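In what follows, a single structure is set out as structure tokens and then discussed.
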Amino acid sequence: MFKYYVQLALSSIMRSKVHSLLTMLTIALGIGACTITLTLVSSMSANPISHKSEQLFRVQLDNWDPNQAAISPDLPPEFVTWTDANNIVNAKQAKRQSASAITWGMVNPTEQGLTPFLALMRVTSKDFFPMFDVPFIYGAGWDESAEQNNDYVVVLSKETNQRVFNGVNSVGKTLTMLGATFTVVGVLDDWHMSPKFYDMSYGAFSAPEDIYLPLGLKAVFELPHGGITSCWKPIESQRYDAFLHSECINFQLWVELEDGEQKAQFNQYLTNYVTQQKTLGRFPRPLNNRLLDVTQWLEYKQVVKQDIQVMFWLSVMFLLVCLINAASLLSAKLHTKHSEIGLRRALGANFSQIILQYSVEIVFIGLCGGILGVLLAIFGLQGVASLYAGYGQLIELDLTVVTSVIALAVVGTIIAGLIPVYSACRPAPAMQIKQ
Numbered sequence: 000m001f002k003y004y005v006q007l008a009l010s011s012i013m014r015s016k017v018h019s020l021l022t023m024l025t026i027a028l029g030i031g032a033c034t035i036t037l038t039l040v041s042s043m044s045a046n047p048i049s050h051k052s053e054q055l056f057r058v059q060l061d062n063w064d065p066n067q068a069a070i071s072p073d074l075p076p077e078f079v080t081w082t083d084a085n086n087i088v089n090a091k092q093a094k095r096q097s098a099s100a101i102t103w104g105m106v107n108p109t110e111q112g113l114t115p116f117l118a119l120m121r122v123t124s125k126d127f128f129p130m131f132d133v134p135f136i137y138g139a140g141w142d143e144s145a146e147q148n149n150d151y152v153v154v155l156s157k158e159t160n161q162r163v164f165n166g167v168n169s170v171g172k173t174l175t176m177l178g179a180t181f182t183v184v185g186v187l188d189d190w191h192m193s194p195k196f197y198d199m200s201y202g203a204f205s206a207p208e209d210i211y212l213p214l215g216l217k218a219v220f221e222l223p224h225g226g227i228t229s230c231w232k233p234i235e236s237q238r239y240d241a242f243l244h245s246e247c248i249n250f251q252l253w254v255e256l257e258d259g260e261q262k263a264q265f266n267q268y269l270t271n272y273v274t275q276q277k278t279l280g281r282f283p284r285p286l287n288n289r290l291l292d293v294t295q296w297l298e299y300k301q302v303v304k305q306d307i308q309v310m311f312w313l314s315v316m317f318l319l320v321c322l323i324n325a326a327s328l329l330s331a332k333l334h335t336k337h338s339e340i341g342l343r344r345a346l347g348a349n350f351s352q353i354i355l356q357y358s359v360e361i362v363f364i365g366l367c368g369g370i371l372g373v374l375l376a377i378f379g380l381q382g383v384a385s386l387y388a389g390y391g392q393l394i395e396l397d398l399t400v401v402t403s404v405i406a407l408a409v410v411g412t413i414i415a416g417l418i419p420v421y422s423a424c425r426p427a428p429a430m431q432i433k434q
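If you count by numbering that gives the first Met the number 0, then the sequence shown holds residues 0 to 434, one letter each, in order.
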């Protein structure tokens with residue numbers, strides 16, 4: 000019987016091709032718009048390290064101007080100074096601790112016969128790699144000895160390793176950069192945190208850096224201050240070390256704490272640290288330390304921008320309008336079949352059989368509309384990527400989104416379509432045959 004209903008559905012669709020296609024397109028437009036914004040919102044609001052997000056904490060210390068808060072109304076700065084970054088990392092009061100900052104410099108791969116190029120770099124602590132589950136294809140990060148001695152060691156991104164060493168295992172090989180010779184100790188595998196919660200200075204979806212090197216080398220080579228740099232009082236001189244020892248903030252500080260007990264202990268350490276620094280004439284503001292885990296940090300930074308949220312709700316309303324229009328089109332189509340429905344009922348077809356017959360046709364229309372909507376969404380996401388710089392990695396549809404929107408199309412079409420079917424079955428068969 001079901002096969003017969005399928006044949007009737009296909010026959011009905013073919014008899015009214017234009018009408019059926021128009022209904023499918025109406026559904027597809029609503030599904031396509033909703034899919035685009037659903038993909039963006041779900042990707043942008045995703046927690047990229049959910050399995051340990053409650054163990055990673057952004058450290059904020061209020062070393063700002065006593066007369067004005069760093070962030071209104073009374074929030075501490077998002078970054079820390081060179082002094083505080085080094086003091087807290089070297090104190091090792093957490094399971095892991097990592098301070099980092101963006102910088103850049105010239106790479107001169109003359110030994111490889113390549114043209115020099117400017118690379119985006121990150122100076123950081125050795126715990127950066129295990130804290131954020133950074134994958135390696137070759138080697139590993141540097142050790143404690145290399146960090147303390149400011150050894151000239153680097154970790155390369157997969158793309159940089161491909162560019163300089165043709166993708167082979169380059170661990171142990173040397174690379175000339177910043178006017179010195181560095182030894183490669185590790186090469187990353189494909190890695191792109193999205194959102195890039197650990198450092199959103201250049202945007203929540205910016206690309207990762209090309210090269211990673213020990214934090215202390217920032218001072219050794221007097222590397223540029225990348226990312227966000229803010230100062231609340233003048234620097235004493237133009238010398239590079241004057242900036243490092245000033246109250247200017249430029250460094251991201253994260254710690255890993257396994258449980259509530261470790262968090263409480265670290266909070267107490269921060270309290271003691273700031274209190275001790277106050278005796279040295281620093282931290283003129285009241286005590287205002289903050290530890291935000293990854294989820295809290297993403298919420299605080301409002302990673303999902305307001306315009307994207309507005310677009311999402313507008314697309315949901317547009318989908319509802321499209322489903323209402325689809326219901327109107329199906330109602331108009333079924334209006335021409337009142338006599339056919341009445342004849343089938345007169346011949347013995349009951350209400351449920353009529354509903355099942357037309358449900359097959361409605362499901363087929365909804366399924367085709369959903370698939371067409373996904374295709375429209377793929378092209379639409381390409382356009383969104385061109386409008387929102389840095390969101391290119393968000394344009395891929397995952398299986399969950401595709402399955403959800405197709406199911407939404409089918410369910411929405413069934414709800415929209417069964418209303419006119421139910422209405423068509425209410426009059427007496429004799430009245431329908433006369434019509």
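The C-beta atom is built at its ideal place from N, Cα and C for all residues, glycine as well.
Predicted model, so just to flag it, every value in this text is computed and none were measured.
By the DSSP assignment, the beta strand (DSSP E) with Ser200 in it spans what residues? In the sequence shown, counting from the first residue as 1, residue 200 sits at position 201. Element bounds for Ser200: n/a, residue is neither H nor E.
Please classify Trp312 as buried or exposed, where buried requires at least 16 neighbouring CB atoms within 10 angstroms. Mapped onto the sequence shown, residue 312 falls at position 313. Trp312 comes out exposed.
Under 8 Å: do the segment 324 to 331 and the segment 373 to 384 share three or more Cβ pairs, one atom per stretch? no
Within the same chain, show all residues whose beta-carbon is closer than 7 Å to that of Val401, passing over the 5 residues directly before and after it, in chain order. The residue given as residue 401 occupies position 402 in the sequence shown. Correct list, in chain order: Val373.
Buried or exposed: Tyr3, going by 16 or more other Cβ atoms within 10 Å of its Cβ? Walking along the sequence shown from the start, residue 3 turns up at place 4. Burial call: exposed.
When DSSP builds the beta bridges, which residues end up paired with Gln251? Against the sequence shown, residue 251 aligns to sequence position 252. Beta-bridge pairing links Gln251 to Ser99.
Please classify Ile12 as buried or exposed, where buried requires at least 16 other C-beta atoms within 10 Å of its C-beta. Against the sequence shown, residue 12 aligns to sequence position 13. Answer is buried; the Cβ neighbour count reaches 16.
For Val152, which residues in the same chain have their Cβ closer than 6 Å to its Cβ, ignoring the five residues on either side in sequence? Stepping through the sequence shown from its first residue, residue 152 is reached at position 153. Excluding sequence neighbours, Val152 sits near Trp141, Ala145, Thr182 and Val184.
Under 7 Å Cβ to Cβ from Gly259, same chain only, skipping five residues before and after it: list those, please. As a position in the sequence shown, residue 259 is number 260, starting the count at 1. Excluding residues within five positions, none has a Cβ falling inside 7 Å.
Once DSSP output is grouped into helix, strand and coil, what is the label at Leu74? As a first step, residue 74 must be located in the sequence shown, where it is residue number 75. If DSSP states are grouped into helix, strand and coil, Leu74 belongs with the strands.
Alpha helix (DSSP H) segment containing Gln59, residue limits: For the purposes of this step, residue 59 is taken as residue 60 along the sequence shown, with counting starting at 1. Gln59 -> not in any alpha helix (DSSP H); beta strand (DSSP E) instead, spanning Leu55 to Gln59.
I need the DSSP call for Leu212, collapsed to helix, strand or coil. Here the question's residue 212 lines up with position 213 in the sequence shown. Correct three-state label for Leu212: strand.
Go through its chain and collect everything with a Cβ distance to Leu319's Cβ below 8 Å, but skip five positions before and after it. The residue you call residue 319 lines up with position 320 of the sequence shown. Closer than 8 Å at the Cβ level, and outside the excluded window around Leu319, lie Gly29.
Return the residue from the list Lys157, Ala100 and Gln92 that minimises the CA-CA distance to His224. Locating residue 224 in the sequence shown gives position 225, where the first residue counts as 1. Comparing Cα positions, the closest option is Ala100.
Let me know the secondary structure DSSP gives Arg238 once reduced to three states. In the sequence shown, the residue the question calls residue 238 occupies position 239. In this structure, Arg238 counts as coil in the three-state DSSP scheme.
Distance check for Thr159 and Val170, CA to CA, integer angstroms please. Numbered from 1 along the sequence shown, position 171 holds the residue referred to as residue 170. Numbered from 1 along the sequence shown, position 160 holds the residue referred to as residue 159. Cα to Cα, the separation comes out at about 13 Å.
Per-residue DSSP class, three states only, for Ile48: Position 49 of the sequence shown, counted from the start, is the residue given in the question as residue 48. In this structure, Ile48 counts as coil in the three-state DSSP scheme.
In chain order, each alpha helix (DSSP H) run of at least 4 residues that lies wholly inside the segment 79 to 132: 81 to 90 and 127 to 130
Out of Glu208, Phe220 and Val359, point me to the one whose CA is closest to Leu177's CA. In the sequence shown, residue 177 corresponds to position 178, counting from 1. Of the candidates Glu208, Phe220 and Val359, the one whose C-alpha sits nearest the C-alpha of Leu177 is Phe220.
Measure the Cβ-Cβ separation of Pro213 and Val122 and say whether it is below 9 Å. Position 214 of the sequence shown, counting from 1, holds the residue named residue 213. Position 123 of the sequence shown, counting from 1, holds the residue named residue 122. Yes. Within cutoff.
3 or more residues per run - each beta strand (DSSP E) lying fully within the segment 269 to 332: 289 to 292
Which residue wins for smallest C-alpha separation from Gly138, given the options Asn148, Lys172 and Val163? Counting from 1 along the sequence shown, the entry for residue 138 is found at position 139. The option with the nearest alpha carbon to Gly138 is Lys172.
Name the residue from Ala84, Thr82 and Leu375 whose alpha carbon lies nearest to the alpha carbon of Leu24. Counting from 1 along the sequence shown, the entry for residue 24 is found at position 25. Closest option to Leu24, Cα to Cα, is Leu375.
Buried versus exposed call for Pro233 [16 or more other C-beta atoms within 10 Å across all chains shown]: Counted from its first residue, the sequence shown places residue 233 at position 234. Pro233 is exposed by the Cβ-count criterion.
Nearest to Leu187 (by Cα), restricted to the options Ser200, Asn168 and Ser124: As a working note, residue 187 is residue 188 in the sequence shown. The shortest Cα separation from Leu187 among Ser200, Asn168 and Ser124 belongs to Asn168.
Give the C-beta separation of Thr80 and Cys321 to the nearest angstrom, bearing in mind that I take them to be a contact with Cβ-Cβ under 8 Å. Here residue 80 refers to the residue found at position 81 of the sequence shown. Here residue 321 refers to the residue found at position 322 of the sequence shown. Thr80 to Cys321, Cβ: 54 Å. No contact.
To the nearest angstrom, how far is it from the Cα of Leu291 to the Cα of Met43? Reading the sequence shown from its first residue, position 292 is the one you call residue 291. Reading the sequence shown from its first residue, position 44 is the one you call residue 43. If I take the Cα positions, the gap works out to 19 Å.
Extent of the continuous alpha helix (DSSP H) to which Leu24 belongs: What you label residue 24 is simply residue 25 of the sequence shown in a count that begins at 1. Lys16 to Met43 is the extent of the alpha helix (DSSP H) around Leu24.
Here's the rule I'm using: 16 or more other beta-carbon atoms within 10 Å means buried, otherwise exposed. How should Arg14 be labelled? As a position in the sequence shown, residue 14 is number 15, starting the count at 1. Answer is exposed; the Cβ neighbour count stays below 16.
I need the boundaries of the alpha helix (DSSP H) containing Phe135, first residue and last residue. In the sequence shown, counting from the first residue as 1, residue 135 sits at position 136. Where Phe135 is concerned, there is no enclosing alpha helix (DSSP H), although the beta strand (DSSP E) it sits in stretches over Phe135 to Gly138.
For Val315, which residues in the same chain have their Cβ closer than 7 Å to its Cβ, ignoring the five residues on either side in sequence? Here residue 315 corresponds to residue number 316 of the sequence shown, with the count starting at 1. Once the five neighbours on either side are set aside, the close Cβ partners of Val315 are Cys33.
Of the residues Phe378, Asn271, Phe363 and Ile418, which one's Cα is nearest the Cα of Ile19? Here residue 19 refers to the residue found at position 20 of the sequence shown. One detail in the question is off: residue 19 reads as Ser in this sequence, not Ile. Among Phe378, Asn271, Phe363 and Ile418, the Cα nearest to that of Ser19 belongs to Phe363.
For Phe164, report the span of its alpha helix (DSSP H) as first-last. The residue given as residue 164 occupies position 165 in the sequence shown. First-last of the alpha helix (DSSP H) with Phe164: Lys157 to Phe164.
With burial defined as no fewer than 16 other Cβ atoms inside 10 Å of the residue's Cβ, what is the status of Gly365: buried or exposed? On the sequence shown, residue 365 is found 366 positions in, with the first residue counted as 1. Gly365 is buried by the Cβ-count criterion.
Residue nearest to Glu110 in terms of C-alpha spacing, selected from Tyr299, Ser229, Val163 and Tyr268: As a working note, residue 110 is residue 111 in the sequence shown. Glu110 has its Cα closest to that of Val163, out of Tyr299, Ser229, Val163 and Tyr268.
First through last residue of the beta strand (DSSP E) which encompasses Ala179: As a position in the sequence shown, residue 179 is number 180, starting the count at 1. Taken as a continuous stretch (DSSP letters only), the beta strand (DSSP E) holding Ala179 covers Ala179 to Leu187.
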